Amino acid sequence: MNAQEIINSGKLEMYVCGSLPTEEIADVEKAIATFPEVKKETEHIEESLIRLAENVAPPLPAMLWAYILNTIRKVKTLDRPETKTTNWAAMSGWAAAILFICGIFWMMNQQNNLRDELQVTTIENNELKESFETTESELAETNDILEILRSKEYQAITLPGNQAVAPDAYAKVYLNKKDNIVYIDARGLPTPPEGKVYQVWSLIMDPLTPTSLGLIGGTQQVENGIYRFENFPTPEAFGITLEPEGGSESPTLSQLYTLGMVTI
5 MNAQEIINSG
15 KLEMYVCGSL
25 PTEEIADVEK
35 AIATFPEVKK
45 ETEHIEESLI
55 RLAENVAPPL
65 PAMLWAYILN
75 TIRKVKTLDR
85 PETKTTNWAA
95 MSGWAAAILF
105 ICGIFWMMNQ
115 QNNLRDELQV
125 TTIENNELKE
135 SFETTESELA
145 ETNDILEILR
155 SKEYQAITLP
165 GNQAVAPDAY
175 AKVYLNKKDN
185 IVYIDARGLP
195 TPPEGKVYQV
205 WSLIMDPLTP
215 TSLGLIGGTQ
225 QVENGIYRFE
235 NFPTPEAFGI
245 TLEPEGGSES
255 PTLSQLYTLG
265 MVTI
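Numbering of the sequence shown is given in the numbering used here, commencing with residue 5 and proceeding in unit increments.
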């Protein structure tokens with residue numbers, strides 16, 4: 005971790021209070037020696053502990069503070085001034101105050117962790133809710149389209165694949181002659197190569213008169229693989245060709261993928 009991550013982790017408070025796990029103490033002490041800002045933050049925490057303890061504990065000679073602090077850290081005190089007597093009652097009061105403050109630090113750290121976990125859970129729940137609402141909306145749209153295509157106003161026409169170009173290709177056409185609307189299910193077409201696009205044609209057969217309905221893709225899509233077209237001459241047949249990106253003014257018959265007649 006970098007210096008800021010160590011400061012934000014709450015480990016410095018636990019280190020000062022002597023509650024940091026043994027296996028992490030060396031890492032924290034290394035960080036204190038390496039990063040000036042970490043050392044400064046540690047000193048600030050110690051000073052805060054002293055000020056807080058002074059407000060809740062009996063007076064204690066300054067020379068005993070280092071002893072108490074090092075005892076809490078489980079570190080031996082070096083060069084401790086010799087004293088003839090020790091005020092154990094006062095020392096116990098200070099130790100209790102420091103342990104109380106350390107407990108507050110620990111509880112604050114736990115509260116921050118719980119707050120972070122709650123925030124993550126809330127975000128995940130919102131994402132799940134949005135995903136559910138999107139799926140529900142898509143399902144409703146699919147059901148609406150199915151109701152349309154199953155209605156008696158629509159005639160189903162199969163466009164088989166051109167044996168010379170794409171024998172396995174096919175498409176389904178749902179034609180409403182009254183309202184001049186057609187839905188095309190193009191999921192039976194292979195993925196077009198890069199730079200190419202499928203174009204739909206309404207055909208009059210004699211003489212051959214093609215009228216472009218539009219390209220398969222973009223704003224014409226109303227459902228995954230299903231496209232809607234309208235306002236075209238009454239067709240005798242439908243054909244789908246593979247054209248350069250952007251489409252063509254007339255069909256490339258050598259790239260005719262599917263063709264199907266409209267029955268009376």
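Glycine residues also receive a C-beta, built at the ideal position from the N, C-alpha and C atoms. Every value quoted in this text rests on a predicted model; they were computed, and no experiment measured them.
| Query | Result |
| --- | --- |
| Unbroken alpha helix (DSSP H) run spanning M18, endpoints | K15 to C21 |
| N- and C-terminal bounds of the beta strand (DSSP E) containing N180 | Y174 to N180 |
| Rounded separation between P214 and G243 - CA only | 9 Å |
| Where the beta strand (DSSP E) containing K34 begins and where it ends | Here K34 belongs to no beta strand (DSSP E); instead the alpha helix (DSSP H) covers T26 to T38. |
| Reduced DSSP category for G221 - H, G, I as helix; E, B as strand; rest coil | coil |
| Residue span of the beta strand (DSSP E) that contains Q259, given as start and end | Note, Q259: premise wrong, no beta strand (DSSP E); not H, not E. |
| Under 8 Å between C-beta atoms of T245 and Y261 | yes |
| From G222, G192 and V186, residue whose alpha carbon lies closest to that of W205 | V186 |
| Residue from K181, P194 and A241 whose Cα sits closest to the Cα of M209 | A241 |
| Where L212 falls: helix, strand or coil (DSSP) | strand |
| Check: T125 C-beta below 7 Å from any heavy atom of the ligand ATP | The ligand ATP is absent from the structure shown, which contains no ligand whatsoever. |
| Collapsed DSSP secondary structure at E86 in the structure displayed | Low confidence applies here, because E86 scores a pLDDT of 48, under 50, leaving its location unreliable and the question unanswered by this model. |
| Cβ neighbour criterion (16 or more within 10 Å) applied to N116 | exposed |
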